[in-house]
Amino acid sequence: MQAAAPARDQTGAPASLPAGIDPAIFQAQVQLDRAGFAPGIIDGRHGRFFVAALKAFQDARGLEQSGVLDAASRKALASERAPTLIRMVLRAQALEATFTPDIPSRIVDQASLPFLGYRNLLEKLSERFHTSSDTLLQLNPGLKTPRAEMELLLPGLIPSDRAYDPGLPARWRDMLSDLNISASQPRAARIIVSKSQSVLRVLDAQGRLIAQFPATTGSDHDPLPLGQWKVRTTAFMPTYHYNPDLFWDADSSDQKAQLSAGPNNPVGVVWIDLDKPHYGIHGTPEPSLIGRSQSHGCIRLSNWDAARLAQMLQADTPAEFVA
Numbered sequence: 053m054q055a056a057a058p059a060r061d062q063t064g065a066p067a068s069l070p071a072g073i074d075p076a077i078f079q080a081q082v083q084l085d086r087a088g089f090a091p092g093i094i095d096g097r098h099g100r101f102f103v104a105a106l107k108a109f110q111d112a113r114g115l116e117q118s119g120v121l122d123a124a125s126r127k128a129l130a131s132e133r134a135p136t137l138i139r140m141v142l143r144a145q146a147l148e149a150t151f152t153p154d155i156p157s158r159i160v161d162q163a164s165l166p167f168l169g170y171r172n173l174l175e176k177l178s179e180r181f182h183t184s185s186d187t188l189l190q191l192n193p194g195l196k197t198p199r200a201e202m203e204l205l206l207p208g209l210i211p212s213d214r215a216y217d218p219g220l221p222a223r224w225r226d227m228l229s230d231l232n233i234s235a236s237q238p239r240a241a242r243i244i245v246s247k248s249q250s251v252l253r254v255l256d257a258q259g260r261l262i263a264q265f266p267a268t269t270g271s272d273h274d275p276l277p278l279g280q281w282k283v284r285t286t287a288f289m290p291t292y293h294y295n296p297d298l299f300w301d302a303d304s305s306d307q308k309a310q311l312s313a314g315p316n317n318p319v320g321v322v323w324i325d326l327d328k329p330h331y332g333i334h335g336t337p338e339p340s341l342i343g344r345s346q347s348h349g350c351i352r353l354s355n356w357d358a359a360r361l362a363q364m365l366q367a368d369t370p371a372e373f374v375a
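Sequential numbering of the sequence shown, starting at 53, is according to my numbering.
In structure tokens, the structure reads:
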């Protein structure tokens, strides 16, 4: 894709948004995401994760934690000066990328695939710009039949830099770039996962809130293991070892299987291992279900949030799970 340019109409004002996408909410979602307070899927719609992100941002900036997009919050968010919308030109190379269009629904059947990649360009662009396929189609109806040199209207989430640590695996550096994750991330001193609020908070060495992400945090059958844990290691672009003995709802005919890496792997693009056996923080192939579905006790984030979190953590970072 060609370098981004701010999206403006002929008067120089920001480009208008389709009906159903609130411009003020959309702008705030983009600004919150850039600031590290993830609002969930960027879609211009008011929802609980938008409110949670706004409250966290207000807390971090010393503002009243109202969850209301008031004048003080707008002013603070305006420090994120990058444009809300950008225009990019779709190049032929993007259309020639390798996709995995037919992914079986059963995990054991996915084991035959050499890579669990994006199903199509629309899904890849949705994750790259932290949004949904539906929202991208609202912004760009032509994406139903993408073609080279098509101009796209996208959320303004180009990272501030892509100078990733050369010590990271090349495949992981590529994925960070694909997900528009900036190479510059603050260092986490501690993380807190809240079961009741379905969020993961990141604190620095002074105890200040520096990031927050929506999370799926277990289920009634497999509740979040409350207590004090630590990060052990991080696996980038992990394979997935499926063991039906660990899942109460597994099909009785299922056999153990190993699934290839990829963004549509059951744990997404990264596995952050904890010092409690079989538990970790990871991505997902279904970002729209974060906080709306259940997990088997692990902490599930969108791929883009999990990737960003992974760049903040190091071994032995404390992880507290609270009710």
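Backbone N, C-alpha and C fix where the C-beta goes; we use that ideal spot for every residue, glycine too.
Everything numeric in this text was worked out from a predicted model, so none of it was measured.
Subject >> Spatial distance of Thr369 from Lys127 (CA atoms) >> reply: Taking the Cα positions, Thr369 is about 33 Å away from Lys127.
Subject >> Close Cβ partners of Ile342 (< 6 Å) along its chain, the five nearest in sequence each way excluded >> reply: Here Ile342 has Pro266, Thr268, Ser354 as same chain residues with Cβ atoms under 6 Å from its own Cβ, once five neighbours each way along the sequence are excluded.
Subject >> alpha helix (DSSP H) runs wholly inside the stretch 139-196, at least 4 long, in chain order >> reply: 144-147, 159-162, 173-180, 185-191
**OP:** List the whole-angstrom C-beta distance separating Ala367 from His334, where the pair is believed to meet the contact cut-off of C-beta under 8 Å.
**Re:** That pair is no contact at about 17 Å.
Original post:
Hey, quick one: how far does the beta strand (DSSP E) through Pro370 stretch, first residue to last?
Top reply: Where Pro370 is concerned, the enclosing beta strand (DSSP E) stretches over 370-374.
Subject >> Residue closest to Pro296, alpha-carbon to alpha-carbon, out of Val322, Gln307, Ile77, Pro290 >> reply: Gln307
**OP:** List the residues that DSSP assigns as beta-bridge partners of Phe109.
**Re:** Paired residues: none, contrary to the question.
**OP:** Return yes when the Cβ of Glu175 is within less than 8 Å of the Cβ of Trp356, no when it is not.
**Re:** no
**OP:** Please check the pair Lys247 and Ala375, which I expect to be a contact at CB under 8 Å, by giving their CB distance rounded to whole angstroms.
**Re:** Contact flag correct, Cβ pair sits at about 5 Å.
Original post:
Is it right to say Ser250 is buried, meaning 16 or more other beta carbons lie within 10 angstroms of its own, or is it exposed?
Top reply: buried
Subject >> 8 Å Cβ cutoff met for Tyr294 and Asn317 >> reply: No.
Subject >> Chain-order list of residues whose beta-carbon lies under 6 Å from that of Met227 (same chain, five-residue window excluded) >> reply: Val321
Original post:
Just checking, does the stretch 127-140 make contact with the stretch 70-86 on the three C-beta pairs under 8 Å criterion?
Top reply: yes
Original post:
For Pro275, does the three-state DSSP call read helix, strand or coil?
Top reply: strand
Original post:
So what's Lys127 in DSSP terms, helix, strand or just coil?
Top reply: helix
**OP:** Below 6 Å CB to CB, which residues in the same chain sit around Thr336 once its five sequence neighbours on both sides are set aside?
**Re:** Excluding sequence neighbours, Thr336 sits near Gly320, Arg352.
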